[in-house]
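A.B. asks:
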Amino acid sequence: QRVFFYHLPEISSLQFHNSIIPNLTASLSIALRYFHPFAAKFISVPLPNEPYILYSDGDSVPFTVAESTSLDFNKVTSDQPNDVRLLHPLLPKLLPPVTNSDDGSTVSNLLSVKVTLFPNSGVCIGIEFRHVAADGLAFNHFVKSWASISKSVCKDLSWVEKNPPLVDRGLIKDP
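In terms of this note's numbering, the sequence shown opens at residue -19 and continues consecutively.
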């Protein structure tokens, strides 16, 4: 789980819904084209079979939009010690696995995103992912790519194209 805070003292609810959310969803969609395992499904099958990641065209990521009226943005972003439970409402929940009654397999999402507006204060992006899809370094690569695409308003993809993800696990030899 990760939370990212962006201080935007002049952000209104209207600006948030009319510009920030469309940019974030469009740039996330583009980033997921390069990092498709995050949009895929994790299929866990009964033994002796091995679990696997299945990506199909049209797969998506749960994306929640919220507005905080009870949390103080300055309090949760301060460098003072805070109870970590203050952050829990800012994090998305991965959907619970769905079990297939025919073969006993379960299907799980690998990434979930929640964007929370703090009116006239800022925005928080909360992300939860399963490490089956990526390690911390690969996840950071994904977030940097998404941020780069978002910052360019989905027009300049040069950073992502020059730094594509490498998802071939066969390159690592593990005896």
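Each residue gets a CB set at the ideal place from its N, CA and C atoms; glycine is no exception.
How far does the beta strand (DSSP E) with threonine 44 in it reach, from first residue to last?
C.D. replies: For the purposes of this step, residue 44 is taken as the residue at position 64 of the sequence shown. Segment 43 to 47, the beta strand (DSSP E) holding threonine 44.
A.B. asks: From which residue to which residue does the beta strand (DSSP E) around phenylalanine 122 run?
C.D. replies: Numbered from its first residue, the sequence shown carries residue 122 at position 142. Segment 116 to 131 is the alpha helix (DSSP H) holding phenylalanine 122; no beta strand (DSSP E) there.
A.B. asks: Determine the extent of the alpha helix (DSSP H) in which phenylalanine 53 is found, giving its start and end residues.
C.D. replies: Counted from its first residue, the sequence shown places residue 53 at position 73. Residues 53 to 57.
A.B. asks: Would you mind giving the Cβ-Cβ distance between leucine 74 and arginine 110, rounded to the nearest angstrom? I have them listed as a contact below 8 Å.
C.D. replies: Translated into the one-based positions of the sequence shown, residue 74 becomes position 94. Translated into the one-based positions of the sequence shown, residue 110 becomes position 130. With 8 Å as the limit, leucine 74 and arginine 110 qualify as a contact, their Cβ atoms being about 7 Å apart.
A.B. asks: Since leucine 12 is in the alpha helix (DSSP H), which residue starts that stretch and which ends it?
C.D. replies: For the purposes of this step, residue 12 is identified with residue 32 of the sequence shown, where counting begins at 1. Element bounds for leucine 12: 1 to 14.
A.B. asks: Who are histidine -13's beta bridge partners in DSSP?
C.D. replies: Reading the sequence shown from its first residue, position 7 is the one you call residue -13. Bridge partners of histidine -13: Gly102.
A.B. asks: Between the Cα of phenylalanine 18 and those of Phe(-15), Ser40, Ala46, spot the shortest distance and give me the residue it belongs to.
C.D. replies: Residue mapping note: residue 18 aligns to position 38 of the sequence shown, counting from 1. Nearest option by C-alpha distance: Ser40.
A.B. asks: Any idea what DSSP makes of asparagine 62, helix, strand or coil?
C.D. replies: The residue given as residue 62 occupies position 82 in the sequence shown. Correct three-state label for asparagine 62: coil.
A.B. asks: According to DSSP, is asparagine 89 part of a helix, a strand, or is it coil?
C.D. replies: Locating residue 89 in the sequence shown gives position 109, counting from the first residue. Strand.
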